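Only one structure is covered here, and it is reproduced in the block below.
There are 2 protein chains.
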Amino acid sequence: MDPVRRPRGRPRKPVLLEPAALSPRRGLHDQAVERLRALIVVGTLPAGSALVETELSAALGISRTPLREALKLLAVEGLVELRPNRSPLVAELRPDAVTELFEAIAAIERAAAELAALRITPAELDRLRRLQAEMEAHHAAGALAPYFALNQQIHALIVACARNAPLREAHEALHARAEIARRRALDSRARWDESVAEHRAILEALYARDAAGAGRLLADHVGHTGTALIAGLARHAA
Amino acid sequence: MDPVRRPRGRPRKPVLLEPAALSPRRGLHDQAVERLRALIVVGTLPAGSALVETELSAALGISRTPLREALKLLAVEGLVELRPNRSPLVAELRPDAVTELFEAIAAIERAAAELAALRITPAELDRLRRLQAEMEAHHAAGALAPYFALNQQIHALIVACARNAPLREAHEALHARAEIARRRALDSRARWDESVAEHRAILEALYARDAAGAGRLLADHVGHTGTALIAGLARHAA
DNA sequence: TTGGCATGAATTGCATGCAGAGCACCAAAA
DNA sequence: TTTTGGTGCTCTGCATGCAATTCATGCCAA
Numbered sequence: 001m002d003p004v005r006r007p008r009g010r011p012r013k014p015v016l017l018e019p020a021a022l023s024p025r026r027g028l029h030d031q032a033v034e035r036l037r038a039l040i041v042v043g044t045l046p047a048g049s050a051l052v053e054t055e056l057s058a059a060l061g062i063s064r065t066p067l068r069e070a071l072k073l074l075a076v077e078g079l080v081e082l083r084p085n086r087s088p089l090v091a092e093l094r095p096d097a098v099t100e101l102f103e104a105i106a107a108i109e110r111a112a113a114e115l116a117a118l119r120i121t122p123a124e125l126d127r128l129r130r131l132q133a134e135m136e137a138h139h140a141a142g143a144l145a146p147y148f149a150l151n152q153q154i155h156a157l158i159v160a161c162a163r164n165a166p167l168r169e170a171h172e173a174l175h176a177r178a179e180i181a182r183r184r185a186l187d188s189r190a191r192w193d194e195s196v197a198e199h200r201a202i203l204e205a206l207y208a209r210d211a212a213g214a215g216r217l218l219a220d221h222v223g224h225t226g227t228a229l230i231a232g233l234a235r236h237a238a
Numbered sequence: 001m002d003p004v005r006r007p008r009g010r011p012r013k014p015v016l017l018e019p020a021a022l023s024p025r026r027g028l029h030d031q032a033v034e035r036l037r038a039l040i041v042v043g044t045l046p047a048g049s050a051l052v053e054t055e056l057s058a059a060l061g062i063s064r065t066p067l068r069e070a071l072k073l074l075a076v077e078g079l080v081e082l083r084p085n086r087s088p089l090v091a092e093l094r095p096d097a098v099t100e101l102f103e104a105i106a107a108i109e110r111a112a113a114e115l116a117a118l119r120i121t122p123a124e125l126d127r128l129r130r131l132q133a134e135m136e137a138h139h140a141a142g143a144l145a146p147y148f149a150l151n152q153q154i155h156a157l158i159v160a161c162a163r164n165a166p167l168r169e170a171h172e173a174l175h176a177r178a179e180i181a182r183r184r185a186l187d188s189r190a191r192w193d194e195s196v197a198e199h200r201a202i203l204e205a206l207y208a209r210d211a212a213g214a215g216r217l218l219a220d221h222v223g224h225t226g227t228a229l230i231a232g233l234a235r236h237a238a
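If you read the sequences in order, they're chains A and B. The first sequence begins at 1 in the UniProt record's numbering and counts up one residue at a time. The second sequence begins at 1 in the UniProt record's numbering and counts up one residue at a time.
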């Protein structure tokens with residue numbers, strides 16, 4: 001028998017970059033997914049750049065194994081492009097891909113809005129109304145960043161109210177790429193005003209439990225957002 | 001002594017001009033995804049069973065590393081349920097999950113049909129017509145298995161004709177779970193006849209490039225299939 | 001008996017080693 | 001000069017080893 005009890009704590013090695021501090025007990029691969037997604041969305045890892053496993057794992061303070069798992073999951077999300085025996089690339093977001101992306105989001109949100117109109121509870125309607133009011137306040141104040149956050153919450157809440165897990169997961173999977181597009185082209189005051197008005201109409205349709213109307217309005221809203229973004233991207237490129 | 005260093009892995013079989021398209025030589029993790037998916041769909045790995053990494057990796061003849069990557073991907077597809085620090089489980093398919101699943105598939109296929117009605121080429125329409133004829137022949141002959149295969153091909157082709165990668169990927173992701181439900185409840189002659197008729201109507205709407213009609217018909221068709229399957233599952237459980 | 005805690009086996013999660021694929025660079029031939 | 005073949009290096013893909021976690025068992029006390 002070993003008289004010396006080994007110390008229970010794992011030998012922590014010094015972590016160079018940000019050590020994923022104080023996160024809930026999830027695995028490193030899961031944290032890596034989130035951190036990498038954030039880095040890609042905000043552009044710290046620019047589109048087209050190679051993701052060399054040894055470099056990235058060192059930068060994240062983890063080993064290659066969980067990193068590889070994370071890269072595979074990000075590839076499913078379309079944020080990363082895997083190549084056999086080659087370094088993965090941060091996926092490029094081409095204009096036609098943005099078109100398809102917003103077509104798909106519109107399709108999913110339309111269906112979600114139709115279901116939500118049938119299934120949403122009064123409490124959820126109330127929460128939507130409060131979010132809408134808050135969002136309009138940010139709009140009035142010209143606060144873009146919080147506006148976007150609220151806007152995103154509202155869309156997510158409507159999808160959640162559809163009570164359909166596959167639809168919600170598909171929606172979440174597309175969200176990061178849409179966010180990339182939004183960040184690249186967040187301009188046009190006119191579109192902003194229009195968007196707020198469209199949100200009002202959607203909310204009213206949900207209150208009226210008008211499934212077809214809510215679906216159509218939301219799909220159109222997403223479609224308009226998409227075309228506006230593509231226009232913005234085109235301006236950006238020029 | 002052995003002067004010739006032998007490779008540690010499997011002996012490479014001599015490959016003579018094997019078309020890479022048919023044998024893409026992908027990584028072990030990718031192959032593991034397909035093999036596990038097939039094993040789960042046909043029920044060799046029954047719902048609720050624990051997937052112990054060491055056992056599974058030995059059974060598949062691979063190590064735990066690619067197996068773990070495969071399990072993570074199957075979890076995204078909803079075929080496997082991951083639990084922190086516990087063995088993954090083959091996901092159970094509860095009746096309400098089947099309902100949601102077919103709601104989601106109907107939503108995606110409706111959107112796909114609407115887009116396909118606008119974008120489908122004459123050649124694709126022709127191919128659809130031939131597939132439909134072949135499927136009807138199997139129906140007339142009472143050949144269930146090839147009928148199902150053709151049926152799937154038709155649905156996949158319609159989605160492909162929408163020219164929308166995210167929609168197609170979402171559709172594919174849901175396919176395996178739907179297949180599980182189908183295999184559990186493939187009965188009801190009456191529903192079979194009805195389904196063939198519905199396919200005819202969908203095809204006609206596509207020919208007429210009636211986007212709304214094609215979308216509605218296809219969504220209803222998938223919805224009917226879902227309710228029939230749930231009824232079948234209920235019979236099965238009883 | 002029963003509740004609580006320690007202990008050990010089983011298994012996951014992560015790190016790391018190693019072989020091979022792919023690429024760059026260079027030399028030699030055309 | 002262009003092309004072809006070789007050579008070395010880098011990086012991926014996979015296997016394996018080790019620590020940490022979880023669960024089951026058993027012991028002790030109430």
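For each residue, glycine too, the CB sits at the ideal point set by N, CA and C. Just so you know, these numbers come straight off a predicted model, no measurement behind them.
*Please check if any C-beta of chain A sits within less than 7 Å of the C-beta of I230 of chain B.*
Chain A contact via Cβ: absent.
*If you draw a straight line from the C-alpha of L39 of chain B to the C-alpha of H138 of chain A, how long is it?*
Answer to the nearest angstrom: the Cα atoms are 52 Å apart.
*Interface residues of chain B around A165 of chain A at Cβ under 9 Å?*
Within 9 Å Cβ-Cβ: G78, A97, E100, L101 and A104.
*Whose C-alpha, out of A:E69, A:L144, A:S49 and A:A50, is nearest the C-alpha of L28 of chain A?*
Answer by Cα proximity: A:E69.
*Kindly say whether A47 of chain B, judged by its beta-carbon, lies nearer than 7 Å to any beta-carbon of chain A.*
Answer no: the Cβ-Cβ gap between A47 of chain B and chain A never drops below 7 Å.
*Give the range of the alpha helix (DSSP H) segment to which V76 of chain B is assigned.*
Residues R64 to V76.
_Cross-chain neighbours of G27 of chain A in chain B, by beta carbon under 8 Å_ = Correct list: P84.
*Among the residues of its own chain, which have a CB less than 6 Å from the CB of L229 of chain B, if the five just before and after it don't count?*
Counting only Cβ-Cβ distances below 6 Å, and skipping sequence neighbours, we find A181 and A185.
*Taking Cβ-Cβ distances shorter than 8 Å, what residues in chain A pair up with V69 of chain B?*
It should be pointed out that residue 69 of chain B corresponds to Glu in this sequence rather than to Val. The answer, in chain order, is R68, E69 and K72.
*Helix, strand or coil: which one does DSSP assign to V52 of chain B?*
Note: V52 of chain B maps to coil in three-state DSSP.
_For L157 of chain B, would you say it is in contact with chain A, using Cβ-to-Cβ distances shorter than 7 Å as the test?_
Cβ-Cβ to chain A under 7 Å: no for L157 of chain B.
*Select from B:A116, B:R191, B:E103 and B:R110 the residue whose C-alpha is nearest the C-alpha of L115 of chain A.*
By alpha-carbon distance to L115 of chain A, the top candidate from B:A116, B:R191, B:E103 and B:R110 is B:E103.
*Scan the stretch 127-197 of chain A and note each continuous alpha helix (DSSP H) run of 4 residues or more that stays entirely inside, going in chain order.*
The qualifying runs are 144-161 and 165-184.
*Given V222 of chain A as reference, the closest of A:A238, A:S57 and A:I154 once Cα atoms are compared*: Distance check between V222 of chain A and each of A:A238, A:S57 and A:I154 places A:I154 closest, using alpha-carbon atoms only.
_Report the CB separation of L67 of chain A from E53 of chain A in whole angstroms; it is logged as a contact under 8 Å._
Contact holds; Cβ gap of about 6 Å.
*Do you know offhand how far D220 of chain B's Cα is from A219 of chain A's?*
Rounded to whole angstroms, D220 of chain B to A219 of chain A spans 19 Å at the Cα level.
*For A107 of chain B and chain A, any beta-carbon pair shorter than 7 Å?*
By the rule that beta-carbons nearer than 7 Å mark a contact, A107 of chain B touches chain A.
*asked:* Going by the DSSP bridge assignment, what does E34 of chain B pair with across the sheet?
replied: Residue pairing for E34 of chain B: DSSP places it in no beta bridge.
*If residue 239 of chain A sits next to A47 of chain A, beta carbons under 8 Å apart, how far is it from one beta carbon to the other, in whole angstroms?*
Residue 239 of chain A lies beyond the range of chain A shown here (1 to 238); nothing can be said about it.
*C-alpha gap between A201 of chain A and G226 of chain A, whole angstroms*: Cα to Cα, the separation comes out at about 18 Å.
*asked:* Determine whether the beta carbon atoms of I120 of chain B and L174 of chain B lie at a separation below 7 Å.
replied: No, Cβ-Cβ distance for I120 of chain B and L174 of chain B is not below 7 Å.
*Pull up the distance between the alpha-carbon of E77 of chain B and that of Q152 of chain A, whole angstroms please.*
Computed Cα separation, rounded: 24 Å.
*asked:* Would A205 of chain B pass as an interface residue toward chain A - the criterion being a Cβ-Cβ separation below 7 Å?
replied: Chain A contact via Cβ: absent.
*Going along the chain, which residues of the stretch 111-123 of chain B sit with their C-beta nearer than 9 Å to a C-beta in chain A?*
Considering only beta carbons, the part of the stretch 111-123 of chain B lying closer than 9 Å to chain A consists of A111, A112, E114 and L115, in chain order.
*asked:* Does R35 of chain A pass the burial test, meaning 16 or more other C-beta atoms within 10 Å, or should it be called exposed?
replied: By the neighbour-count rule (16 or more Cβ atoms within 10 Å), R35 of chain A is buried.
*Quick one: what's L45 of chain A bridged to in DSSP?*
Beta-bridge pairing links L45 of chain A to no other residue.
_So, at 8 Å on beta carbons, what are the nonlocal neighbours of L118 of chain A in its own chain, with the 5 sequence-adjacent residues on each side left out?_
Taken in chain order, the residues that qualify are R209 and A211.
*asked:* I need the boundaries of the beta strand (DSSP E) containing L82 of chain A, first residue and last residue.
replied: Going by DSSP, L82 of chain A is part of the beta strand (DSSP E) stretching over V80 to R83.
*Can you tell me which of A:R94, A:A113 and A:E92 puts its alpha carbon nearest to the alpha carbon of G213 of chain A?*
Closest option to G213 of chain A, judged by alpha-carbon separation, among A:R94, A:A113 and A:E92: A:A113.
_R37 of chain B vs A176 of chain B beta-carbon contact at 7 Å_ = Yes, they are a contact pair.
_Between L93 of chain A and chain B, is the shortest Cβ-Cβ distance under 7 Å, so that the two count as touching?_
With 7 Å as the cut-off, L93 of chain A does not count as an interface residue toward chain B.
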